[in-house]
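Peer 1: After the structure tokens below, expect a handful of questions from me.
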Amino acid sequence: MNDRIAQKAPAEPSRRDILYIATGAAAVVAAGGMVWPLISQMNPDASTRALASTEVDLSAIPLGQIVTVKWRGKPVFIRHRTPEEIKAAEDVPLAELPDPEPDSKRVQKPEWLVIVGVCTHLGCIPTGKAGEFDGWFCPCHGSTYDLSGRIRSGPAPSNLEVPQYAFLSDTKIKIG
Amino acid sequence: MSGHSQYTPKSGFARWLERRLPIISFMYDAFVAYPTPKNLNYLWTFGAILSFMLVAQIVTGVVLAMHYTAETTLAFDSVEKIMRDVNWGWALRYAHANGASMFFLAVYIHIFRGMYYGSYKEPREVLWILGVIIFMVMMATGFLGYVLPWGQMSFWAATVITNLFTAIPVVGPSITTWLLGGYSVDNPTLNRFFALHYLLPFIIVAVVALHVWALHVTGQNNPTGVEVKNVKKDTVPFTPYATLKDGFAIGAFVVLYAWMTFFVPNYLGHPDNYIEANPLVTPPHIVPEWYFLPFYAILRAIPNKLLGVIALFLSILIAAALPWLDRSPVKSGSYRPLFRKFYWVFVAVCIGLGYLGAQPAEGVYLWLARLFAFYYFLHYVVILPLLAKFEKPEPLPDSIDAAVATGEVSHV
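Residue numbers (my numbering), protein chains in the order written: chain D, 1 to 176; chain X, 1 to 412.
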């Protein structure tokens, strides 16, 4: 009996097979299209994206001070570095660094260090002018960062992030 | 264990309903006639205690949700309003917060009982895996709920845990932004955490139903680990025997629960959670709730972010592989002299990890955590498989009935 069925069935894909596959494919595309809004709604909404950049006036930050500004709900540290601090940051041999990056790559003007103040380990806020290198120290799990915000010791895997920013004038920057 | 129902509807209405929806016979078979091994000790009452706690958490949680506001500027104050203004609000909130602790206490006893008596072994593998799934959903629910009061610890717990996902190569940061609904933990995060904290307990109810279903197909394990051979001799009906015993155990458990709720409601909490969330200041020492401490210790023990996260998830998931890691044909630890010793070392290591998770991650604590985390996995992947090969188990009783008759008692 099986032989007879096999004989009757057309050798190559029948019209029915093509209909099945086409219907299945259409259903997959439609399901994907319906699921996408459900996934996408979780991404930052328009109001969150609208606040994604911040302008900061640097003229009020005295030499040697760190100012924290809030950007995208996170702190950004702006450090007005002294010439000695700049020199110390520039003189570190790259071979000593777990995440090697020269200081010049991390600043646009050497006296202004702008970094996201979120520890790259698990997201705590490091305290400024603390730790072995007088940069930052994260109290949660003991990561130390240097005067360029580069990771020097502890569990954090990478340097403190440098956000995208631009100098609008000599004393004004726009972060984001 | 399941067979033809012994239930015969007596009233006209019951007969009418039975033909259309046999729910009464289903309940009768599951909770009255269900044959229960007659040698169960009090460790077997934690299933019932857990059912009670699940209902208690859902009831207190639903009413708290009627007073809580999931909005970052109002959340902290709405919780304080519950404590001060809402009639009995303080009692309901403390019952819910401490209920989470009691729930986890009971689930840990339930899990370790299963580990000692080999409740994960053939034919209960699916039952066990469903239990691991319930435990993971419980952990997610507990974490999401902890974030809602919007205190300092809540906020930073959310930040740290969601930052775990940044460890994923390449797509990690995008996934984290997607999970948070922003660039940091903020109002969208609080909103979705509240929605999910309300949803997940009902998912737990559904998986618990499957867990109980699987239990009723295979029948309960028991302290001898010997399967039921003769239903008449080895078992007693669930009602009244297990019902009353479970009822008594729930009563005793509720005494502890009530004592915690009314006399030391903040004992397991953290004072920092009475400070409103501040995204610009981290508490110097972030600690999770006590029931997450062993896993937190494993996370911190590994000096690599991605590997630490993997170890954290593996430390929970590996339990699902237990039926295949422990190959010994003998179920109960009571008849396995070597297993018994290693079991208690494992329990001590888990408690040790819990202690270390609460300590600062530095110096000797960190080294001990590494040692304990290493042993934790060693127990699963090396010790258990080897034990099955080298251990000579003690002779098993012929049946549950024989064990009871000779007065054999378990080692617990």
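The beta-carbon is built from N, C-alpha and C at its ideal position, and this holds for glycine as well.
What you are looking at is a predicted structure, and each value in this text was computed from that prediction instead of being measured.
If you measure from the beta carbon of N163 (chain X) to each beta carbon in chain D, is any gap under 8 Å?
Peer 2: Answer yes: the Cβ-Cβ gap between N163 (chain X) and chain D drops below 8 Å somewhere.
Peer 1: The stretch 350–363 of chain X: which residues have C-beta closer than 9 Å to a C-beta of chain D, in chain order?
Peer 2: Those would be P360, A361, E362, in chain order.
Peer 1: When the cut-off is 8 Å and only beta carbons count, does I275 (chain X) lie next to chain D?
Peer 2: So no, I275 (chain X) is outside the interface.
Peer 1: At the level of alpha carbons, what is the spacing between R150 (chain D) and V59 (chain X)?
Peer 2: Near 50 Å, if we compare the C-alpha coordinates of V59 (chain X) and R150 (chain D).
Peer 1: By the three-class DSSP mapping on this structure, what secondary structure does V35 (chain D) have?
Peer 2: Helix.
Peer 1: Just curious, the alpha helix (DSSP H) that V171 (chain X) is in, first and last residue?
Peer 2: From DSSP, V171 (chain X) is part of no alpha helix (DSSP H); its letter is neither H nor E.
Peer 1: Buried or exposed: which applies to T144 (chain D), given that a residue is buried once 16 or more other Cβ atoms fall within 10 Å of its Cβ?
Peer 2: The residue in question, T144 (chain D), is buried, as its Cβ has 16 or more Cβ neighbours within 10 Å.
Peer 1: Any idea which residues DSSP pairs T235 (chain X) with across the strands?
Peer 2: In the DSSP output, where bridge partners are listed per residue, T235 (chain X) has X:P37.
Peer 1: Give the DSSP bridge partners of K70 (chain D), in chain order.
Peer 2: D:P75, per the DSSP bridge assignment.
Peer 1: Measure the beta-carbon distance from G145 (chain X) to H211 (chain X) and round it to whole angstroms, keeping in mind my assumption that it falls under 8 Å.
Peer 2: Actually they are not in contact, since the Cβ atoms of G145 (chain X) and H211 (chain X) sit about 21 Å apart, beyond 8 Å.
Peer 1: Can you list the residues of chain D that T282 (chain X) reaches, using a CB-CB cut of under 9 Å?
Peer 2: What T282 (chain X) touches in chain D: C119, G123, C124, I125, P126, T127, C138, P139, C140.
Peer 1: When you compare the stretch 29–36 of chain X with the stretch 234–253 of chain X, are there three or more beta-carbon pairs, one atom per stretch, that lie closer than 8 Å?
Peer 2: Segments in contact, yes.
Peer 1: Counting only the same chain and skipping the five closest in sequence on each side, list residues whose C-beta sits under 8 Å from that of H411 (chain X).
Peer 2: Here H411 (chain X) scores only 48 on pLDDT, less than 50, and its place in the model is too uncertain to base an answer on.
Peer 1: DSSP state of R192 (chain X), grouped into three classes?
Peer 2: R192 (chain X): helix per DSSP, three-state reduction.
Peer 1: Among D:T68, D:G73, D:C138, D:K87, which residue has its Cα nearest to the Cα of R79 (chain D)?
Peer 2: When only C-alpha atoms are compared, the closest one is D:T68.
Peer 1: Is R72 (chain D) close to chain X, meaning its C-beta is less than 8 Å from at least one C-beta of that chain?
Peer 2: Yes, its Cβ sits closer than 8 Å to a Cβ of chain X.
Peer 1: Opposite F199 (chain D) in the DSSP bridges: which residues?
Peer 2: For chain D, the structure presents residues 1 to 176; residue 199 (chain D) sits outside this window and is missing.
Peer 1: Within its chain, find whatever has a CB closer than 8 Å to the CB of P395 (chain X); leave out the 5 residues flanking it on each side and keep chain order.
Peer 2: These residues qualify, in order along the chain: Y335.
Peer 1: Using a Cβ cut-off of 9 Å, pull out every chain D residue sitting near S184 (chain X), in sequence order please.
Peer 2: Here the neighbours are R72, G73, K74, V118, G123.
Peer 1: Drop a sphere of 10 angstroms on the beta-carbon of Y68 (chain X), count the other beta-carbons inside from all chains shown, and report buried for 16 or more, exposed for fewer.
Peer 2: The residue is buried, with at least 16 neighbouring Cβ atoms inside 10 Å.
Peer 1: Please confirm whether V160 (chain X) has its beta-carbon closer than 8 Å to some beta-carbon of chain D.
Peer 2: Yes, contact with chain D.
Peer 1: Counting only the same chain and skipping the five closest in sequence on each side, list residues whose C-beta sits under 7 Å from that of P102 (chain D).
Peer 2: Once the five neighbours on either side are set aside, the close Cβ partners of P102 (chain D) are L94.
Peer 1: Within 10 angstroms of its Cβ, does P169 (chain X) collect 16 or more other Cβ (buried), or is it exposed?
Peer 2: It counts as exposed.
Peer 1: For a cutoff of 8 Å on Cβ pairs, would you count T177 (chain X) as touching chain D?
Peer 2: By this cut-off, T177 (chain X) is an interface position.
Peer 1: Let me know if W156 (chain X) comes out buried or exposed under the rule of 16 or more other beta-carbons within 10 Å of its beta-carbon.
Peer 2: When all chains shown are included, W156 (chain X) counts as buried.
Peer 1: Mind checking if G172 (chain X) is an interface residue toward chain D, Cβ cutoff 8 Å exclusive?
Peer 2: Not an interface residue.
Peer 1: Since I believe L338 (chain X) is in contact with L387 (chain X) (beta carbons under 8 Å), could you give me their beta-carbon distance rounded to a whole number of angstroms?
Peer 2: Correct: roughly 6 Å between the Cβ atoms.
Peer 1: May I have the straight-line CA-CA distance separating L322 (chain X) from K121 (chain X), to the nearest angstrom?
Peer 2: Going by the C-alpha atoms only, they are around 8 Å apart.
Peer 1: N43 (chain D) touches chain X at which residues, Cβ-Cβ below 8 Å?
Peer 2: The contacting residues are T177, W178, G181.
Peer 1: Can we say the stretch 49–59 of chain X touches the stretch 202–216 of chain X, given the rule of at least three CB pairs closer than 8 Å?
Peer 2: Counting Cβ pairs under 8 Å, three or more are found: they touch.
Peer 1: Indicate the three-state DSSP secondary structure (helix, strand or coil) for I396 (chain X) in the structure shown.
Peer 2: In the sequence as displayed, the identity of residue 396 (chain X) is Leu instead of Ile. Coil at L396 (chain X), not helix or strand.
Peer 1: Could you give the residue range of the beta strand (DSSP E) that holds T159 (chain X)?
Peer 2: Not the beta strand (DSSP E): T159 (chain X) falls in the alpha helix (DSSP H), residues 152–163.
Peer 1: Reducing DSSP to helix, strand and coil, say where T144 (chain D) ends up.
Peer 2: Three-state result, T144 (chain D): strand.
Peer 1: Give me the Cβ distance between L293 (chain X) and G352 (chain X), rounded to the nearest whole Å; I'm assuming they're in contact under 8 Å.
Peer 2: About 10 Å; that fails the 8 Å criterion.
Peer 1: What span of residues does the alpha helix (DSSP H) with F253 (chain X) cover, start to end?
Peer 2: 243–263 is the extent of the alpha helix (DSSP H) around F253 (chain X).
Peer 1: Sort X:F342, X:R192, X:Y117 by Cα distance to N41 (chain X) and report the nearest one.
Peer 2: Of the candidates X:F342, X:R192, X:Y117, the one whose C-alpha sits nearest the C-alpha of N41 (chain X) is X:Y117.
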